[in-house]
Ligand SMILES: Cc1cc2nc3c(=O)[nH]c(=O)nc-3n(C[C@H](O)[C@H](O)[C@H](O)COP(=O)(O)OP(=O)(O)OC[C@H]3O[C@@H](n4cnc5c(N)ncnc54)[C@H](O)[C@@H]3O)c2cc1C
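Residue numbers (my numbering): 25 to 336.
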């Protein structure tokens, strides 16, 4: 890999970098090199350079939906995240880099009097990460407002795609298997009443403050399991947290890992523990639900790296 070319493009390189510094769980061992990219151009340079040198890589955004193994990763990491929002706005359309913080996009839409993102206020991570997992809240999903996305494949080729190609579903998209990277996205939003939008944004932020842990203080990756699919076509998803509570998950803990007292589906750390501890605790929690309800919870948090298998 030509480090000088990457640095000339503005990428920052970190050798033997612990992933615990780049995930909201603050867990995860080192990778040989982490390449931090903030702009589409830096991302393109990094991907093309790794492809040219034949090196594999994993991609992360804000690291807010990840559990990284204690042993770290054998491959390079590209982190695509920007501290400053990279957003261009004109005529109801936001053109946003995938590296922009999702909450900055929501804040910008509200400021401009555009409706459709206010309920996503306070969701951590980047727009790219949000599109990859079709993030959402209060029954709405980011995939609903996407007009077009610019994607980069692992060989450094760019293409534009329509939302249908991403096959959005609850907390999933085709990006999770295709490996393509969201370079930028175009979001089309209808006008809304600025004061109402601002009020809804504040409400969302307040609800999050009351019900969720602050990941800056209490490390977590948010909901660990997906909510449970409805049992009828007309039904709604049922909160995984309810099944976990009924199964006694709130009393479980493993070293410093435990469910958050106000929300059994959120695993937090309140003391020293490993990523393996978090995964093992989650398996115990899921086992308890399986035994009581004959229901298999599906993990929402994504694993990176090698974890030990689980003996029941
Ligand atoms: C306190 C807390 C509250 C949360 N609340 C919510 C919530 O209400 N709703 C919700 O949906 N989620 C929630 N989450 C989970 C998380 O914030 C979202 O899943 C978020 O969208 C992940 O974005 P990220 O940039 O951090 O992705 P990462 O965690 O870095 O990566 C997750 C996956 O996305 C992929 N990815 C990242 N960037 C890109 C890109 N540019 N192109 C393609 N793939 C990419 C990665 O390869 C990885 O597979 C919460 C998390 C926390 C810690």
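Note that CB positions come from ideal geometry on N, CA and C, so glycine has one too.
Excluding the 5 residues preceding and the 5 following residue 74 in the sequence, name in chain order all residues of the same chain whose CB lies nearer than 7 Å to its CB. Short of 7 Å from the beta carbon of residue 74, and not among the five residues preceding or following it, lie these beta carbons of its own chain, in chain order: 25, 81, 100.
Could you give the distance in angstroms between the alpha-carbon of residue 126 and the alpha-carbon of residue 149? Each residue's Cα considered, the two are about 6 Å apart.
Can you list, in chain order, the residues of its chain with a C-beta nearer than 7 Å to that of residue 164? Leave out the 5 residues immediately preceding and following it. The residues are 143.
Given residue 306 as reference, the closest of 278, 329, 175, 287 once Cα atoms are compared: Measuring C-alpha to C-alpha distances from residue 306 to each of 278, 329, 175, 287 identifies 278 as the nearest.
Extent of the continuous alpha helix (DSSP H) to which residue 184 belongs: Counted as a single uninterrupted DSSP element, the stretch harbouring residue 184 is not any alpha helix (DSSP H) but the beta strand (DSSP E) occupying residues 182 to 185.
Buried/exposed call for residue 220, threshold 16 Cβ in 10 Å: The C-beta of residue 220 has fewer than 16 other C-beta atoms within 10 Å across all chains shown, which makes the residue exposed.
Given 8 Å as the limit, is there contact between the region 131 to 140 and the region 212 to 231, that is, 3 or more CB pairs closer than that? Touching, yes, given that three or more Cβ pairs across the two stretches are closer than 8 Å.
Should residue 131 and residue 147 be called a contact, given that it needs their Cβ atoms to be closer than 7 Å? Not a contact, by the Cβ cut-off of 7 Å.
At a cut-off of 6 Å, is residue 202 close to ligand 1 when judged by its beta-carbon and the heavy atoms of the ligand? No, the Cβ of residue 202 stays beyond 6 Å of every heavy atom of ligand 1.
Could you please give the first and the last residue of the uninterrupted beta strand (DSSP E) stretch that includes residue 244? Annotation for residue 244: the continuous beta strand (DSSP E) segment containing it runs 244 to 247.
Is there at least one non-hydrogen atom of ligand 1 closer than 6 Å to the beta-carbon of residue 240? It does not: the Cβ of residue 240 is nowhere closer than 6 Å to a heavy atom of ligand 1.
What are the partner residues of residue 55, as DSSP defines its beta bridges? According to DSSP, residue 55 bridges with 41.
Quick check on DSSP: helix, strand or coil for residue 319? Coil, per DSSP.
Answer with buried or exposed for residue 47, where buried requires no fewer than 16 other C-beta atoms within 10 angstroms of its C-beta. With 16 or more Cβ atoms within 10 Å of its Cβ, residue 47 is classed as buried.
Under the three-state DSSP convention, the category residue 69 falls into: In the structure shown, residue 69 sits in a helix (DSSP, three-state: H, G or I).
Under the three-state DSSP convention, the category residue 138 falls into: Strand.
Can you find a heavy atom of ligand 1 that lies under 6 Å from the Cβ of residue 11? The structure shown does not extend to residue 11, since the chain spans only 25 to 336, so no value can be given for it.
Quick check on residue 296: buried or exposed, where buried means 16 or more other Cβ atoms within 10 Å of its Cβ? Residue 296 should be labelled exposed.
Could you tell me the boundaries of the alpha helix (DSSP H) in which residue 220 lies? Its alpha helix (DSSP H) spans residues 218 to 235.
Segment contact, 8 Å Cβ cut-off, at least three pairs: the region 27 to 44 with the region 52 to 60: Flag = yes, the region 27 to 44 and the region 52 to 60 touch.
First and last residue of the uninterrupted beta strand (DSSP E) at residue 328: Per DSSP, residue 328 is one residue of the beta strand (DSSP E) stretching across 326 to 328.
Determine which residues share a DSSP beta bridge with residue 205 and list them. Paired residues: 176.
Segment limits, beta strand (DSSP E) that includes residue 83: Looking at the DSSP string, the run of the beta strand (DSSP E) that includes residue 83 is 81 to 84.
Near residue 34, which residues of its chain fall below 6 Å by C-beta distance, leaving aside the five closest residues on each side in sequence? Cβ within range, chain order: 66.
Using a Cβ-based criterion (distance less than 6 Å to any ligand heavy atom), does residue 250 qualify as near ligand 1? No; taking the cut-off as 6 Å, the Cβ of residue 250 has no heavy atom of ligand 1 nearer than that.
Along the alpha helix (DSSP H) that carries residue 110, what are the first and last residues, could you check? Unbroken run through residue 110: none, as it is neither H nor E.
The alpha helix (DSSP H) enclosing residue 156, as first and last residue numbers: Membership of residue 156 in the alpha helix (DSSP H) is indicated by the continuous run 151 to 156.
Rounded to the nearest angstrom, how far is the Cβ of residue 152 from that of residue 205, given a contact under 8 Å? Indeed, because the Cβ distance is near 7 Å, the residues count as touching under 8 Å.
With distances taken from CA atoms, which of 85, 319, 97 is nearest residue 155? Looking from the CA of residue 155, the closest CA among 85, 319, 97 belongs to 85.
Within the present structure, is the beta-carbon of residue 148 separated from the nearest heavy atom of ligand 1 by less than 6 Å? Yes, ligand 1 has a heavy atom inside 6 Å of this Cβ.
Enumerate in chain order the residues of its own chain whose CB-to-CB distance from residue 229 is below 6 Å, with the five nearest sequence positions on each side excluded. Only 145, 146 meet the Cβ criterion.
Three-way DSSP call (helix, strand, coil) for residue 240 in this model: In the structure shown, residue 240 sits in coil (DSSP, three-state: anything other than H, G, I, E or B).
Within this structure, are the beta carbons of residue 176 and residue 209 separated by less than 7 Å? With a cutoff of 7 Å on beta-carbon distance, residue 176 and residue 209 are scored as not near each other.
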